[in-house]
Amino acid sequence: MTINRITCFEVIVPAHPGAIESKGFNKGLHKLPLGAKAGWSVQFDEVPKLIVQLELKNGIIGWGELYRSHNWITVDAISELLLGQDIEKLTLQKLPFAFSREYDGFECAIWDAYAKLKGVRVVDLLGGPLKDKVKVGAWSSHRSQEDIADLALKFHNMGYTCMKFKSDLEDDVIGWCRTIAETVPEMQVILDPNERWLHAFEAKKRIDGLQEIGNILCLEDPLPRWQLNEYHQLRNYASVPIVLHVSLPYIIHGQRIKDSIQAIQLSAVDGFNFNCGLADFQRLDHIASAAELNCWHGSEIDLGILEAMYIHSAAAAASCNWPSDIFGRLIREHDLLKSPLKIEAPYAHLPQGLGLGIEVDMDAVTHYQTKQKAYTL
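Next comes the structure, spelled out in structure tokens:
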């Protein structure tokens, strides 16, 4: 069954007012360089995303969503390579184009179309679900101390049992966690410095206070990732679990599957945040499962197509037991789906239906669209 048409819709979907950070803060979270702009200089919701509509000869549509800041040259090359291909002859776990930041979005569209063609769900292509709902958490970027109690109560009242915060050396993370413990004692916290605590002594100062409060689920990427020996020392220093984020779309940073193996070999981590496509997430899950470690599915605060893909991946993953980063609709104005993913905090339910089990809202796509490009035979 040949691929006859690929249509790409570039969109910019902004965040709800106040959903990212406290008033007066302006800390961009797009970690990668953007043109001549350095990483951490642009807020993620200002960066375009690309929606991929892949059509088979019989009319079946597969949907994909790329990570932020796509490269149109790469998009053109992949689309032109796929046109005319028989989808049934593709090897799903190794598609016939080089790995890039654009790979996973096209993989998503191909798997969605292939699963629909075969009358199954995407999760069935991964061997079937181990669970029909996936634990998820709430999220925030940098916050002032005055906002913490209200934010914790808001998410607690929605049903969430875990909050994840971005942080750097300027944030009073001990004050945050103390306030949360006093306001919602059962709420757990994930802190994600994105490598920005810089030095082990800075991490230890914060870990001392955090360990005493006792509501930290884990500490993710506290130090630059090349310092795995320091991760090992932090892991032995205290009882706060240390987590490594392995994000394969950060190809420019050199992140690879082998990072998880090296971290395990060095006894540097207690678990992982994995973010990648369908086939690679299963590979990483198998590594974590063999080491008897937990993981969660990471994200880039995405829209509904990618988040549906994440749920399928997580549902088939034995190691995916910690709250995954599936909270896009909490943060962005729209997920571009006609019906939102079913999230009954603290769980996201596996979508029903063939393929990804979602229906894209083309009116919403049109509303947020900045560019459109079609590729045909």
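Here the sequence shown stands for residues 336 to 712, where the numbers follow this note's numbering. Using N, Cα and C, we set each Cβ at its ideal position, and we do this for glycine too. Because the structure is a prediction, the values reported are computed rather than measured.
query: Cutting at 6 Å between CB atoms, please list the residues of its own chain near TRP474, excluding the five before and the five after it.; result: LYS499 and PHE662
query: Under 8 Å between the Cβ atoms of ILE483 and THR514?; result: yes
query: How is HIS491 classed by DSSP in three states: helix, strand or coil?; result: helix
query: Please go through the same chain and pick out, in chain order, the residues whose beta-carbon is closer than 6 Å to the beta-carbon of ALA699, but skip the five residues on each side of it.; result: HIS669 and LEU671
query: Count the other CB atoms within 10 Å of the CB of LYS358; is the residue buried (16 or more) or exposed (fewer)?; result: exposed
query: Give a yes or no on whether the C-beta atoms belonging to PRO584 and GLY639 are separated by under 8 Å.; result: no
query: Hey, HIS365 and VAL377: beta-carbon distance below 8 Å or not?; result: yes
query: Considering just the uninterrupted stretch of the beta strand (DSSP E) at ASN550, what are its terminal residues?; result: Where ASN550 is concerned, there is no enclosing beta strand (DSSP E), given that its DSSP letter is neither H nor E.
query: Please list, in chain order, all residues of the same chain as GLU530 whose beta carbon is under 8 Å from its beta carbon, the five residues on each side excluded.; result: ASP556, PRO557, LEU558, PRO559 and ARG560
query: Straight-line CA distance for GLN597 to GLY394?; result: 45 Å
query: Whose C-beta lies closer than 6 Å to the C-beta of ASP620 among residues of the same chain, with five residues either side of it excluded?; result: ALA652 and SER654
query: Using the Cα positions of ALA448 and LEU486, report the straight-line distance between them to the nearest angstrom.; result: 40 Å
query: Could you work out which residue in ALA350, ILE341 and THR337 is closest to ARG667 when comparing CA atoms only?; result: ALA350
query: For VAL604 and ASP507, what's the separation of their Cα atoms in angstroms?; result: 24 Å
query: Does the region 560-572 touch the region 534-552, meaning 3 or more C-beta pairs lie closer than 8 Å?; result: yes
query: Going by Cα to Cα distance, which pick from ILE396, SER595, ARG570 and PHE490 is closest to GLY692?; result: ILE396
query: Whole angstroms is fine: what's the gap from LEU552's alpha carbon to LYS673's?; result: 34 Å
query: Using a 10 Å radius around the Cβ and a threshold of 16 neighbouring Cβ atoms, would you call GLU415 buried or exposed?; result: exposed
query: For THR426, name the three-state secondary structure that DSSP assigns.; result: coil
query: Tell me the rounded alpha-carbon separation between LYS593 and GLU423.; result: 30 Å
query: Between LYS470 and PRO352, is the Cβ-Cβ spacing less than 8 Å?; result: no
query: Which class does CYS630 belong to by DSSP, given the choice of helix, strand or coil?; result: strand
query: Taking Cβ to Cβ, would you say LEU713 is nearer than 8 Å to TRP446?; result: Only positions 336 to 712 of the chain appear in this structure, which leaves residue 713 out of reach.
query: Taking the C-alpha atoms as reference points, what is the distance between TYR703 and TYR402?; result: 16 Å
query: State the Cα-Cα distance for the pair PHE616 and HIS647, rounded to the nearest angstrom.; result: 10 Å
query: Enumerate in chain order the residues of its own chain whose CB-to-CB distance from ALA623 is below 6 Å, with the five nearest sequence positions on each side excluded.; result: PHE607, CYS630 and SER654
query: CB-CB under 6 Å to ILE409, same chain, minus the five flanking residues each way: which ones, in chain order?; result: The residue asked about is misnamed: residue 409 is Thr in this sequence, not Ile. Taken in chain order, the residues that qualify are SER435 and GLU437.
query: Have a look at GLY419 and GLY633 and give me their C-alpha separation to the nearest angstrom.; result: 33 Å
query: If you follow the alpha helix (DSSP H) that ILE279 is in, where does it begin and where does it stop?; result: Outside the shown range of the chain (336 to 712) lies residue 279, about which nothing can therefore be said.
query: Among residues of its own chain, excluding the 5 on either side of ALA709, which ones have a beta-carbon nearer than 8 Å to its beta-carbon?; result: ARG340, ILE341, THR342 and CYS343
query: For a minimum of 4 consecutive residues, which ranges assigned as the alpha helix (DSSP H) are wholly contained in the region 348-426?; result: 407-417
query: For LEU452 and PHE432, what's the separation of their Cα atoms in angstroms?; result: 22 Å
query: Excluding the 5 residues flanking LYS468 on each side, which residues of the same chain have their C-beta closer than 6 Å to its C-beta?; result: TYR682 and HIS684
query: Taking only runs of the alpha helix (DSSP H) that begin and end inside the region 531-597, which ones reach a length of at least 4 residues, in chain order?; result: 535-548 and 563-572
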